[in-house]
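Engineer: To start, I am sharing the structure in question, which I have written as structure tokens.
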Amino acid sequence: MMAGPTHHALARPEFDEGPKILIAVAPYYKDIADNLLAGAMAEIEAAGGSSEVVELPGALELPSAIGIAARMGDYDGFVALGCVIRGETTHYDTVCNDSSRGLTLLGLQGICIGNGILTVENYEQAAVRADPQGQNKGGGAAAAALHLVALARRMGRKDKGLGFTASRLSGEG
0 MMAGPTHHAL
10 ARPEFDEGPK
20 ILIAVAPYYK
30 DIADNLLAGA
40 MAEIEAAGGS
50 SEVVELPGAL
60 ELPSAIGIAA
70 RMGDYDGFVA
80 LGCVIRGETT
90 HYDTVCNDSS
100 RGLTLLGLQG
110 ICIGNGILTV
120 ENYEQAAVRA
130 DPQGQNKGGG
140 AAAAALHLVA
150 LARRMGRKDK
160 GLGFTASRLS
170 GEG
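Using numbering that gives the first Met the number 0, the first residue of the sequence shown is number 0, and each one after it goes up by one.
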């Protein structure tokens, strides 16, 4: 009998200086969100980082909140946590697609984000995925953000923004 497929997990990144991570969570399904949050916070702490948490009404607000925090805050990375359970209308597809697309677009701008928005058919699927002792998707999203922060640091960019710096504009750099 053959064993099932295995999933390779990367080793936890190591940091000289622990990263500061903002966790944006939509606690629409509070117990699911709490489990996702517990997993994410434990992963960040295990990597020597610190975290802050901000709550938003729903998954659609998570990309906007992260975009605001990336522009105005002082964070190395971000984790988006929430849960969307399929209902009877097409609203599920809109929320899943638009929240994911928003996070992807931010990531393509160089923002280090882990996407922990569960998109499931029913509550039971969400519970299994959110359980820190189970699939621990909150921890996985935090690990993704931490790996991106480690990559950004390894690439050596110290600035946070895209575009020109004052020294380049004045001809000093």
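Cβ atoms here follow ideal geometry from the backbone N, Cα and C, with glycine treated the same way. Computed from a prediction, not measured in an experiment: that's the story for all the values here.
By the DSSP assignment, the alpha helix (DSSP H) with Asn96 in it spans what residues?
Structural biologist: Residues 90-107.
Engineer: Give the DSSP bridge partners of Glu190, in chain order.
Structural biologist: Absent from the model: residue 190. The displayed extent of the chain is 0 to 172, so no value can be given.
Engineer: Taking the C-alpha atoms as reference points, what is the distance between Pro12 and Ala149?
Structural biologist: Roughly 7 Å separates the two Cα atoms.
Engineer: Rounding to the nearest angstrom, what Cα-Cα distance links Tyr180 and Ala45 in this structure?
Structural biologist: Past the edges of the chain, shown from 0 to 172, lies residue 180, and the structure says nothing about it.
Engineer: Round the Cβ separation of Leu80 and Ile43 to the nearest angstrom and send it over; I've been treating them as touching at under 8 Å.
Structural biologist: Not confirmed; about 12 Å, so no contact.
Engineer: So, helix, strand or coil for Asn34, using DSSP?
Structural biologist: Helix, per DSSP.
Engineer: Cβ atoms of Arg153 and Glu120: under 7 Å apart, would you say?
Structural biologist: No, these two residues do not count as a Cβ contact at 7 Å.
Engineer: Work out the CA separation of Arg70 and Cys111 for me, nearest whole Å.
Structural biologist: Going by the C-alpha atoms only, they are around 13 Å apart.
Engineer: Might you give, ordered along the chain, the residues of its own chain that have their beta carbon closer than 6 Å to the beta carbon of Thr89, omitting 5 neighbours on each side?
Structural biologist: Cβ neighbours of Thr89 beyond the five flanking positions: none.
Engineer: Is the Cβ-Cβ distance between Ile22 and Ala37 less than 7 Å?
Structural biologist: For Ile22 and Ala37, no; Cβs fall outside 7 Å.
Engineer: Using a Cβ-Cβ cut-off of 7 Å, state whether Ile20 counts as contacting chain C.
Structural biologist: Of the protein chains in this structure there is only one, and it is not chain C.
Engineer: Starting from Gly137, follow the alpha helix (DSSP H) in both directions and report where the run begins and ends.
Structural biologist: Residues 136-154.
Engineer: Alpha carbon to alpha carbon, how far is Ala144 from Tyr74? Give it in angstroms, no decimals.
Structural biologist: Each residue's alpha carbon lies about 11 Å from the other.
Engineer: Give a yes or no on whether the C-beta atoms belonging to Ala54 and Val83 are separated by under 7 Å.
Structural biologist: Reading the sequence as shown, one finds Glu at residue 54 and not Ala. No.
Engineer: Could you pull out every residue in the same chain whose Cβ sits closer than 6 Å to the Cβ of Thr118, ignoring the five residues on either side in sequence?
Structural biologist: Here the set comprises Val83, Cys95.
Engineer: Using a Cβ-Cβ cutoff of less than 7 Å, which residues in the same chain neighbour Ala41 once the five nearest sequence positions on both sides are dropped?
Structural biologist: Correct list, in chain order: Pro131, Gly138.
Engineer: Tell me whether the beta-carbon of Ile31 lies closer than 7 Å to the beta-carbon of Ala129.
Structural biologist: Yes.
Engineer: Please report how far the alpha carbon of Ala68 lies from the alpha carbon of Gly113, in whole angstroms.
Structural biologist: Using only the alpha carbons, I get a separation of about 15 Å.
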